[in-house]
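Only one structure is covered here, and it is reproduced in the block below.
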Amino acid sequence: MNTTIDLLVTNIGQLCTVPAHAGGPQRGHRLGDLGLLENAAVAVHEGRVLAVGSRDDLHSRYTAAQTLDAGGRLVTPGLVDPHTHVVWAGDRADEFEQRIAGATYQQIMAAGGGINRTVQATRAADLDTLIAQSRARLDRMLAHGSTTIECKTGYGLSTPAEIKMLDAIARLSAEHPADLALTFLGAHAIPPEYSHNPDAYVAVIIDEMLPAVAAWQAEHWFGPLFCDVFCEVGAFDLDQTRRILQAAQGYGMALKVHVDEFEPLGGARLAADLGAVSADHIVVTPQDEIEVIGHSQTVAVSLPPTPFGLAHTAYTPVRRFLDAGAALAIATDCNPGTGWNESMQFVMALATRYLRLTPAEALAAATINAAYAIGWGDRVGSLEPGKLADLVIWQVPRYPHLSYRFGSNLAQTVIKRGRVVYDAGGSLGTV
Ligand code: NIG
Ligand code: FE
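Now the structure itself:
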């Protein structure tokens, strides 16, 4: 007797299941295990993966209410973007013009531009405007195959404006098909009113914002909330970073840290010492701290659109992280300053060229390991029974195309929790 299920995605030419390894991420040189199946199908019921296997086998076992024919194309897990600043108002196209004319990101920041420009615009925007502008970006992310997206605050930098950002993310989470992970980043920059006394702002974060965020969380958010700090010259030093993160732990928050984007301050070691879920950027991390990350549970998150967006030449030395045994993930870092990029496909294209990841490694770093970078490895990131039925049918026959090609959207159909949430339409073929 056949079992009746909600959905069968079938006629899959190549299926990448991208399995977790022993209930964890794919570490070190084991990165890139795609769990490939040919002529495959995925059985979906009640929003979850029920089974994956050969097309013939699944057809004989299940009767589906709906069948989706993948036309011999590639299917992968929905992509996971584990580091974004996707919620903001306004833009900084003028700063991009200045940078291309020779100004550096840090010079623009020191002159009052940079993050604080977006803070001004975000504070001034009402909630609906902030949501509308951010929703358009989330829609494009989803259309490019990202079905789970981490979202940070950090353009409010006052208690009410940070709470407004949390409200925006909570509303977007309720209405948007993508699952959103939530990160409080009150420590993104020193706001102008504290530029002469950064420690006073640190005290505001610890004494005022964290309790307010914890109270907000209890009322408005089911699930974990991360606290993140931008540990950098001109932002928060190592001691300030430690104090903020430890205070956040006191409220039960999990930790993420922006470290070693421009200057090495010891943030990677701190992230590992505090048991942070991820250490992000890691461009100028010294070798001894790479080893520390490699021996820790902290996922190393590389953001290649950031140096690309800044026209810098230094990228995360990922081969050294992998040699040290680290779990590596990749993300867009989508933000209005260093890199406004909404596509994890483009991140894979950059990661293969500038990080020297193989196409298989880049895909695993954008799926299962990215899921672990937000603590959701048991829920998303791979096509294994019990996981959310988040998957993408691509307009390509095999996985290397996802990083080989760039600049056009290769997603054909995006499925979130068993439901089609984007379709490119037409008959676009597979080449
Ligand atoms: O990750 N590093 C800090 N934050 C962003 C930049 C944000 C901005 O410039 O608005 C980043 O690169
Ligand atoms: Fe960032």
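The working numbering puts the first residue of the sequence shown at -14, with every later residue one more than the last.
Where a beta carbon is used, it is the ideal one built from N, C-alpha and C, also for glycine.
Small disclaimer: the values here were computed from a predicted structure and weren't measured.
- Could you tell me if Ala159 is buried or exposed, where buried requires 16 or more neighbouring beta carbons within 10 angstroms of its beta carbon? Counting of Cβ neighbours within 10 angstroms places Ala159 among the exposed residues, the total staying below 16.
- For Leu342, count neighbouring C-beta atoms within 10 Å of its own C-beta (all shown protein chains included) and say buried if the count is 16 or more, exposed if not. buried
- Backbone CA spacing between Thr168 and Gly366 [nearest angstrom]: Each residue's Cα considered, the two are about 19 angstroms apart.
- Can you grab the Cα-Cα spacing for the pair Asp54 / Asn(-4), in whole Å? 6 angstroms
- What do you reckon, is the C-beta of Leu395 under 8 angstroms from a heavy atom of ligand 2? no
- Which listed residue (Tyr47, Asp273, Ile100, His181) has its alpha carbon closest to that of His70: Ile100
- At what residues does the alpha helix (DSSP H) containing Glu23 begin and finish? Element bounds for Glu23: not the alpha helix (DSSP H) but the beta strand (DSSP E), 21 to 30.
- Taking Cβ to Cβ, would you say Val244 is nearer than 9 angstroms to Thr270? In this structure, Thr270 lies closer than 9 angstroms to Val244 by Cβ.
- Mind pulling the alpha helix (DSSP H) runs of 4 or more residues that sit fully within the segment 300 to 379? 303 to 308, 329 to 339, 344 to 350, 353 to 358
- Query: Considering only the beta carbon of each residue, do Val37 and Leu64 sit closer than 9 angstroms?
  - Reply: Not closer than 9 angstroms, so no.
- Task: Starting from the N-terminal end, write out each residue whose C-beta falls within a distance shorter than 6 angstroms of any non-hydrogen atom of ligand 1.
- Result: His70, Gly99, Ile100, Thr103, Phe215, His243, Glu246, Thr291, Asp318, Asn320, Pro321, Gly322, Thr323
- Message: Whether or not the segment 371 to 378 and the segment 390 to 408 are in contact is what I'm after, with contact meaning three or more pairs of Cβ atoms, one per stretch, closer than 8 angstroms; do they touch?
- Response: yes
- Does the pairing of the segment 317 to 327 with the segment 289 to 300 give three or more beta-carbon distances under 8 angstroms? yes
- Message: Please return the same chain residues whose Cβ sits closer than 7 angstroms to the Cβ of Gly87, not counting the five positions on each side in sequence.
- Response: A distance below 7 angstroms between beta-carbons, with the five flanking residues on each side excluded, links Gly87 to no residue of its chain.
- Task: Verify the contact flag: Arg288, CB atom, against every heavy atom of ligand 2, threshold strictly below 8 angstroms.
- Result: At residue 288 the sequence reads Leu, which differs from the Arg that was named. Indeed, a heavy atom of ligand 2 lies less than 8 angstroms from the Cβ.
- Query: For Thr337, is the classification buried or exposed, using 16 other Cβ atoms within 10 angstroms of its Cβ as the cut-off for buried?
  - Reply: Counting the other CB atoms within 10 Å of its CB gives Thr337 a total of 16 or more, which places it among the buried residues.
- Quick one: give me the first and last residue of the alpha helix (DSSP H) that Val218 is part of. First-last for Val218: undefined, no H or E at that position.
- So what does Gly9 bridge to, in DSSP terms? DSSP lists His6 as the bridge partner or partners of Gly9.
- Query: Is there at least one non-hydrogen atom of ligand 2 closer than 8 angstroms to the beta-carbon of His297?
  - Reply: no
- Item | Residue from Ala28, Tyr179, Thr133 whose Cα sits closest to the Cα of Ala50 | Nearest of Ala28, Tyr179, Thr133 to Ala50, Cα basis: Ala28.
- Item | Ranges of the beta strand (DSSP E) found wholly within the segment 22 to 108, counting only runs of at least 3 | 33 to 39, 47 to 54, 59 to 62, 64 to 66
- Item | Simplified DSSP assignment, three categories, for Phe169 | strand
- Item | Which listed residue (Pro162, Leu59, Thr48) has its alpha carbon closest to that of Glu23 | For Glu23, the nearest C-alpha among the options comes from Leu59.
- Query: Do Asp164 and Leu373 have their C-beta atoms closer together than 9 angstroms?
  - Reply: yes
- In DSSP terms, what Glu135 is bridged to: Looking at the DSSP assignment, Glu135 forms a beta bridge with Ala166.
- Task: Run the proximity test for Asp265: is its beta-carbon closer than 8 angstroms to any non-hydrogen atom belonging to ligand 2?
- Result: yes
- Message: Quick check on the DSSP output: the alpha helix (DSSP H) that includes His205 runs from which residue to which?
- Response: 195 to 205
- Task: Would you identify the three-state DSSP class for Leu413, choosing helix, strand or coil?
- Result: In this prediction, Leu413 has a pLDDT of 49, which is less than 50 and means its spatial position is unreliable; nothing more can be read from the coordinates.
- Query: Does ligand 2 have a heavy atom nearer than 8 angstroms to the CB of His68?
  - Reply: yes
- Any heavy atom of ligand 2 closer than 8 angstroms to the CB of Lys372? no
- Task: Determine the DSSP secondary structure at Gln397, reduced to helix, strand or coil.
- Result: strand
- Task: Using the DSSP secondary-structure output, state which residues sit across from Ser263 in a beta bridge.
- Result: Ser263 pairs with Lys241, Val284.
- Coarse secondary structure for Asp184, derived from DSSP in three states: helix
- Cβ of Lys137 within 8 angstroms of any heavy atom in ligand 2? yes
- Message: I'd like to confirm something about Phe293: is its beta-carbon nearer than 8 angstroms to some heavy atom of ligand 3, or not?
- Response: The model depicted lacks ligand 3 and carries ligand 1 and ligand 2 instead.
- Item | Buried versus exposed call for Glu178 [16 or more other C-beta atoms within 10 Å across all chains shown] | By the neighbour-count rule (16 or more Cβ atoms within 10 Å), Glu178 is not buried but exposed.
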